[in-house]
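End of the sequence shown = 872 in the numbering used here, gap-free, step of one. C-beta: ideal position from N, C-alpha, C; glycine also. Comments concern the structure below.
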Amino acid sequence: MAAANSQAATADVNDLGQIDVEDLEVSGGRHDQRPWEQKLFFWLCAGFSAFHLWVLVGPVLVKEIDTAFGLGQVFYRAVAANIDQELFRAIHLAWGATLGFGFYSMAKGRGTKGIPWHDWLLMLGALGCAVYMWRNLDDLQMNQGAVYATPDLVYSLVGLVVVFEFTRRTAGNALTIIVGCFLLYAMFGHVFPEGSPLYHNKSLTDLWFVFPYIYSNLGVFGPTLEVSSTFIIMFTVFAAFLGRSKAGDYFNNLSVALVGWARGGPAKVAVLSGVMFGSVSGSSVANVVASGAITIPMMRRVGYDRNTAGAIEATSSTGGQLTPPVLGAAAFIMAEATGIKYAEIAAAAIIPCLLFYIACYAHCDLHAAKHGLRGLPRAELPRLMPLLMRVYMLAPIAVLIWAFITGYSAFLAAALGMGLCVVVSWLNGFRNEDGSLRWRRGDDVMGGRAIIEALEIGAKDCIQLVAVCAAAGVIVGVIALTGVGGRFAQIMQAIAGENQLLAMFFTMIIVTILGMGMPTTAAYAIAAAVVAPGLQQIGVPKLVAHMFIFYFAVLSAITPPVAVASFAAAGMARGDPWKTSWIAVKMGLATFLVPFMFFYSPVLLGQGSFWEIAHTFTTAAVGVWLLACATEGWLTEAMSPIPRVILAAAAIALITPGAATDAIGAGLAGLAWALQHFIFRVRHA
């Protein structure tokens with residue numbers, strides 16, 4: 188019944204453009220695989236996810252079985268994986284690259300029937316590198332940091348070629364070019380004048396040292412690929428299980444039932460959907476496509492113009508990567524880079540995330556009030572009570588949060604979530620037929636085939652992230668080899684001096700530019716390696732520096748001139764990409780300010796007493812709402828320019844933590860209201 192009502196509410200599907208996520212997120216085209224290749228890569232994908240579950244979760248479960256039955260460690264020794272961590276990452280990269288070359292062709296428009304011979308050769312090269320490491324692991328680790336033998340050079344050169352082509356096809360040209368520049372710098376940095384910040388004493392004659400050094404656990408197989416092979420794959424598979432259990436459909440239906448009837452209801456549905464489902468997806472564009480297929484036609488139906496409908500969906504979907512408990516994949520790299528527990532990072536993200544979505548909700552409400560937009564008829568909405576009877580669909584997310592809070596490992600937390608996805612899907616089988624409750628299996632019940640499909644989907648969703656993390660490892664290796672990171676910090680200090688605000692402003696520009704041409708994870712990883720040390724050297728706290736970089740890496744998805752989330756939403760709404768992007772920036776304006784505010788006061792990151800946090804959050808929430816009023820030009824009626832400017836100043840003062848700024852903000856807000864009500868009132872808006 189809920190599904191039928193939801194379909195009725197979204198009947199205007201002809202108004203929806205067709206968008207392929209890969210058109211915006213990858214550089215290569217898709218292979219038109221032969222039937223036998225489709226079957227092969229289906230099982231390779233499922234095996235990829237299953238292998239990681241066996242290595243990461245298997246030992247924990249086997250220990251529990253040994254303990255429960257008093258077997259000592261007999262079962263553990265026989266079944267649990269015992270793989271060297273560097274070799275495990277090499278297998279992860281080789282397997283991921285094999286999938287990448289199997290699915291993506293060299294360029295868009297060049298897809299051929301079947302996988303061509305040169306892509307099979309690249310797969311063979313990727314797998315050959317993993318085999319070479321397995322056969323020579325001890326020697327490679329013993330020689331680390333020394334001059335390697337010629338076979339080691341050949342092995343590392345093949346491996347780097349695989350990484351570069353894998354990255355180019357799946358993550359775009361921008362990231363590949365940047366990584367290539369770093370590699371060229373490692374070889375030719377000696378040509379810079381001695382004594383200059385960019386000079387280093389390694390040269391082209393050190394090929395036997397440079398390439399094997401970078402293609403080791405000091406570079407490619409270092410911290411970034413460790414995150415990809417552990418946290419990212421686990422939570423990507425968890426998201427796939429959540430989607431396959433139809434939890435995503437449930438979140439959308441619940442959002443429609445809760446707020447679809449309200450003023451501008453479909454837009455508010457997009458906001459709630461971004462909070463619920465966006466938090467477990469690592470891609471803003473994927474969020475847009477999944478959620479926008481439902482919300483954009485609904486928004487168009489009640490009167491939202493194409494550009495605004497697209498902007499609302501783009502902004503709310505982008506915010507999903509800022510939403511705990513599962514932030515975007517970059518947050519896992521942050522935990523590894525900073526040494527801060529992931530649970531602490533997720534907790535620090537709560538207030539900025541809430542402020543982001545309060546601002547989005549406010550814009551939706553004010554735009555609807557300004558243009559007289561209503562909600563959907565209640566008769567066409569999914570019934571709330573049947574949906575509340577299925578509130579168990581939220582159990583996987585609830586257990587995930589509980590596991591984080593109680594100190595369980597992230598791997599076990601994700602595994603528990605996957606198991607619960609299967610359990611709650613079986614509860615979906617209980618259906619009310621002819622007044623009696625019966626169990627009948629449907630597409631929303633996960634059997635063996637559905638579980639394998641979820642494993643396959645999780646692996647596909649992880650392919651790009653494997654490439655991004657491997658490429659980021661090249662940059663990490665070059666920085667470690669040349670010491671350019673410390674010199675970049677010196678350059679930043681020379682430009683900004685001791686002015687932290689100026690340094691943060693430069694950081695915002697750098698990260699935003701990086702994020703325009705590459706995925707969020709890559710933009711964060713590069714900036715964290717190059718920029719974050721400089722910020723810390725001038726006194727910016729570690730968590731603040733990394734969260735600042737993370738937020739602008741995420742927001743780059745809606746920032747012109749290259750705003751992939753906005754472009755995807757504009758394509759679906761058949762609107763103007765440029766106008767859609769600027770409306771999205773307006774909606775996300777508060778979040779562009781919030782990172783600067785938690786730079787001034789970490790209270791917005793939850794650093795302080797309960798009352799300090801509560802007070803700061805309350806005033807900041809009022810501030811973002813008033814900022815939405817100022818940018819939309821609507822308070823209780825259409826606003827004149829002078830009160831709007833004063834109200835914007837009041838909003839910024841309220842968002843800024845501090846008793847004095849709160850008092851100033853309250854006073855300015857009162858002044859703006861008085862001027863609007865008594866002097867500048869617009870009687871015919």
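Put residue 625 into one of helix, strand or coil per three-state DSSP.
Here residue 625 refers to the residue found at position 438 when the sequence shown is read from its first residue. Looking at residue 625 - three-state DSSP - the assignment turns out to be strand.
Pairs of beta-carbons, one from the region 518-531 and one from the region 775-789, closer than 8 Å: are there three or more?
no
Output the boundary residues of the alpha helix (DSSP H) element that contains residue 241.
Here residue 241 refers to the residue found at position 54 of the sequence shown. From DSSP, the alpha helix (DSSP H) with residue 241 extends over 222-243.
Would you grab the beta carbon distance between residue 387 and residue 669 for me? Rounded to a whole angstrom, and I think it's under 8 Å.
Residue numbering aside, residue 387 sits at position 200 when the sequence shown is read from its first letter. Residue numbering aside, residue 669 sits at position 482 when the sequence shown is read from its first letter. About 4 Å; that satisfies the 8 Å criterion.
Can you have a look at residue 239 and say buried or exposed, based on whether 16 or more other CB atoms are within 10 angstroms of its CB?
One-based indexing of the sequence shown puts residue 239 at position 52. Residue 239 should be labelled buried.
Does DSSP classify residue 821 as helix, strand or coil?
Stepping through the sequence shown from its first residue, residue 821 is reached at position 634. Correct three-state label for residue 821: strand.
On the DSSP letters alone, give me the boundaries of the alpha helix (DSSP H) that residue 492 sits inside.
For the purposes of this step, residue 492 is identified with residue 305 of the sequence shown, where counting begins at 1. Premise fails: residue 492 is in no alpha helix (DSSP H) and is neither H nor E.
Of all the options 781, 702, 736 and 710, which has the alpha carbon lying nearest to the alpha carbon of residue 690?
As a first step, residue 690 is located in the sequence shown; it is residue number 503 there, counting from the start. Cα-wise, what sits closest to residue 690 is 736.
By Cβ distance, which residues of its chain are closer than 7 Å to residue 190, with the 5 residues on each side in sequence left out?
Within the sequence shown, numbered from 1, the residue matching residue 190 stands at position 3. Interpretation of residue 190 is limited by its pLDDT of 45, a score under 50 that renders its predicted location unreliable; the figure taken from the coordinates is listed afterwards. Correct list: empty, nothing qualifies.
Less than 9 Å separating the beta-carbons of residue 842 and residue 810?
Locating residue 842 in the sequence shown gives position 655, where the first residue counts as 1. Locating residue 810 in the sequence shown gives position 623, where the first residue counts as 1. Taking 9 Å as the Cβ cut-off, residue 842 and residue 810 qualify as a contacting pair.
Output the boundary residues of the alpha helix (DSSP H) element that contains residue 764.
As a first step, residue 764 is located in the sequence shown; it is residue number 577 there, counting from the start. Unbroken alpha helix (DSSP H) run through residue 764: 764-774.
For residue 410, which of 483, 545, 766 and 657 has the nearest alpha-carbon?
In the sequence shown, residue 410 corresponds to position 223, counting from 1. Considering only alpha carbons, the answer is 657.
Between the C-alpha atoms of residue 613 and residue 607, what's the straight-line distance to the nearest angstrom?
The residue you call residue 613 lines up with position 426 of the sequence shown. The residue you call residue 607 lines up with position 420 of the sequence shown. Approximately 10 Å, taken between the alpha carbons.
Which of the three DSSP states is assigned to residue 761 in this structure?
As a working note, residue 761 is residue 574 in the sequence shown. The three-state secondary structure of residue 761, taken from DSSP, is coil.
Does the distance from the C-beta atom of residue 435 to that of residue 462 stay below 9 Å?
By 1-based counting over the sequence shown, the position of residue 435 is 248. By 1-based counting over the sequence shown, the position of residue 462 is 275. Against a cut-off of 9 Å, the Cβ pair of residue 462 and residue 435 comes out as no contact.
By DSSP's criteria, residue 219 is part of a beta bridge. Which residues make up the other side?
Residue numbering aside, residue 219 sits at position 32 when the sequence shown is read from its first letter. Paired residues: 300.
Can you check DSSP and say which residues form a bridge with residue 291?
For the purposes of this step, residue 291 is identified with residue 104 of the sequence shown, where counting begins at 1. Residue 291 is bridged to 217.
Report the rounded CA-to-CA distance for residue 224 versus residue 301, giving the unit in angstroms.
Here the question's residue 224 lines up with position 37 in the sequence shown. Here the question's residue 301 lines up with position 114 in the sequence shown. Residue 224 and residue 301: Cα-Cα distance of roughly 7 Å.
Looking at residue 646: is its Cβ nearer than 9 Å to the Cβ of residue 424?
On the sequence shown, residue 646 is found 459 positions in, with the first residue counted as 1. On the sequence shown, residue 424 is found 237 positions in, with the first residue counted as 1. Cβ atoms of residue 646 and residue 424: closer than 9 Å.
Is the beta carbon of residue 776 closer than 9 Å to that of residue 743?
On the sequence shown, position 556 is the one that residue 743 refers to. On the sequence shown, position 589 is the one that residue 776 refers to. With respect to residue 776, residue 743 sits apart: the two C-beta atoms are not nearer than 9 Å.
Which of helix, strand or coil does DSSP assign to residue 783?
Numbered from 1 along the sequence shown, position 596 holds the residue referred to as residue 783. It is helical.
Once the 5 residues before and after residue 659 are set aside, which same chain residues still bring their CB inside 7 Å of it?
Locating residue 659 in the sequence shown gives position 472, counting from the first residue. Taken in chain order, the residues that qualify are 411, 709, 712 and 713.
What ranges does the beta strand (DSSP E) occupy inside the region 515-546, keeping only unbroken runs of at least 3 residues that lie completely in it?
None, since the region 515-546 contains no complete beta strand (DSSP E) of that length.
Taking 8 Å as the cut-off, does the region 553-560 touch the region 475-494 (at least 3 CB pairs, one atom from each stretch)?
yes
Starting from the C-beta of residue 539, find all residues in its chain whose C-beta is less than 6 Å away, skip the five residues before and the five after it, and write them out in chain order.
One-based indexing of the sequence shown puts residue 539 at position 352. Within the same chain, residue 539 has close Cβ partners 781.
Measure the alpha-carbon distance for residue 626 versus residue 603 and round it to whole angstroms.
Your numbering for residue 626 matches position 439 in the sequence shown. Your numbering for residue 603 matches position 416 in the sequence shown. Going by the C-alpha atoms only, they are around 24 Å apart.
Does DSSP put residue 867 in a helix, in a strand, or in coil?
Indexing the sequence shown from 1 puts residue 867 at position 680. In this structure, residue 867 counts as coil in the three-state DSSP scheme.
For the alpha helix (DSSP H) containing residue 564, name the first residue and the last one.
Working through the sequence shown from its first residue, we reach residue 564 at position 377. Segment: none, residue 564 is in no alpha helix (DSSP H) and carries neither H nor E.
In the DSSP assignment, what residue or residues form a beta bridge with residue 617?
For the purposes of this step, residue 617 is taken as the residue at position 430 of the sequence shown. BP columns for residue 617 point to 626.
May I have the straight-line CA-CA distance separating residue 734 from residue 628, to the nearest angstrom?
Position 547 of the sequence shown, counted from the start, is the residue given in the question as residue 734. Position 441 of the sequence shown, counted from the start, is the residue given in the question as residue 628. The straight-line gap from Cα to Cα measures roughly 45 Å.
Note down the Cα distance separating residue 698 from residue 651, rounded to an integer number of angstroms.
The residue labelled residue 698 in the question sits at position 511 within the sequence shown. The residue labelled residue 651 in the question sits at position 464 within the sequence shown. The alpha-carbon atoms of residue 698 and residue 651 are separated by roughly 20 Å.
If we ignore side chains and look at the alpha-carbon of each, how far apart do residue 866 and residue 818 end up?
Residue mapping note: residue 866 aligns to position 679 of the sequence shown, counting from 1. Residue mapping note: residue 818 aligns to position 631 of the sequence shown, counting from 1. If you take the alpha carbons of residue 866 and residue 818, they lie about 20 Å apart.
How is the alpha helix (DSSP H) around residue 709 delimited, first residue to last?
Along the sequence shown, read from residue 1 onward, the residue named residue 709 stands at position 522. Boundaries of the alpha helix (DSSP H) harbouring residue 709: 707-717, taken from the DSSP string.
Determine the direct distance from the alpha carbon of residue 671 to that of residue 548, and round the result to whole angstroms.
Residue 548 sits at position 361 when you count from the first residue of the sequence shown. Residue 671 sits at position 484 when you count from the first residue of the sequence shown. Distance between the alpha carbons of residue 548 and residue 671: 43 Å.
So, for residue 528: in the same chain, excluding its five sequence neighbours on each side, which residues have a beta-carbon less than 8 Å away from its beta-carbon?
Taking the first residue of the sequence shown as 1, we reach residue 528 at position 341. Taken in chain order, the residues that qualify are 522.
Specify, as a first and last residue, the run of the alpha helix (DSSP H) that residue 383 falls within.
As a position in the sequence shown, residue 383 is number 196, starting the count at 1. First-last for residue 383: undefined, no H or E at that position.
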